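Residue numbers (the working numbering): 19 to 228.
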């Protein structure tokens with residue numbers, strides 16, 4: 019009998035504004051997408067001890083690190099250089115550990131937006147903390163909330179020899195854009211496979227890993 023793959027989804031810690039109670043959250047669409055693809059989504063809390071996280075990881079068949087707030091610059095040994103948004107140290111710790119474990123053990127991992135940035139940081143890379151104030155570009159990468167999330171902001175050029183290009187079936191795509199941070203220095207293990215027209219890194223892969 020075929021066992022559906024267990025896919026771990028990292029979560030963020032939030033505080034209920036009414037009662038002050040902590041809770042965890044993630045994007046419902048990611049959970050639904052994994053189920054639709056035949057997987058079993060497993061929500062992973064940043065509140066757990068490392069030994070418990072390790073026990074969970076060892077049962078997983080894949081890891082998804084979703085989008086979210088900014089990574090604390092201390093995780094890539096840099097001081098804050100710009101205004102940071104929704105920094106969550108416990109989530110950073112969780113995702114950096116899971117990214118490192120996944121790469122070390124060749125467990126399939128997908129990082130979406132912030133998730134790709136976390137993967138780069140976990141492997142020794144750095145981030146641009148604020149694109150508008152730190153990069154000489156006129157291309158807008160972050161849009162106000164009243165702009166529809168499906169708004170196509172710019173094109174992305176994808177390396178034809180990448181997994182991403184094979185999945186997309188093309189090497190140039192129009193994308194929405196909702197980030198003010200980006201990968202700055204790629205980690206040694208990382209291969210850059212997609213960039214915006216202004217050179218901002220939009221996607222990475224790790225050769226010989228899933």
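Note that beta-carbon positions come from the ideal geometry of N, C-alpha and C, so glycine has one too. Remember, predicted model here, so these are calculated numbers, not experimental data.
{"query": "Length of the line joining the Cα atoms of residue 117 and residue 174", "result": "25 Å"}
{"query": "Spatially closest choice to residue 56 from 186, 48, 75, by CA coordinates", "result": "48"}
{"query": "Length of the line joining the Cα atoms of residue 63 and residue 78", "result": "15 Å"}
{"query": "Alpha helix (DSSP H) runs contained entirely in the region 96-141, provided each spans 4 or more residues", "result": "107-122, 132-140"}
{"query": "For residue 37 and residue 182, the rounded distance between their alpha carbons", "result": "43 Å"}
{"query": "Buried/exposed call for residue 94, threshold 16 Cβ in 10 Å", "result": "buried"}
{"query": "Contact the region 111-127 vs the region 71-88: 3+ CB pairs below 8 Å", "result": "yes"}
{"query": "Sufficient close CB pairs (3 or more, under 8 Å) joining the region 131-141 to the region 162-171", "result": "no"}
{"query": "Terminal residues of the beta strand (DSSP E) in which residue 170 lies", "result": "Unbroken run through residue 170: none, as it is neither H nor E."}
{"query": "Inter-residue CB distance, residue 223 and residue 180 (contact presumed, cutoff 8 Å)", "result": "6 Å"}
{"query": "Residue(s) in a DSSP beta bridge with residue 40", "result": "33"}
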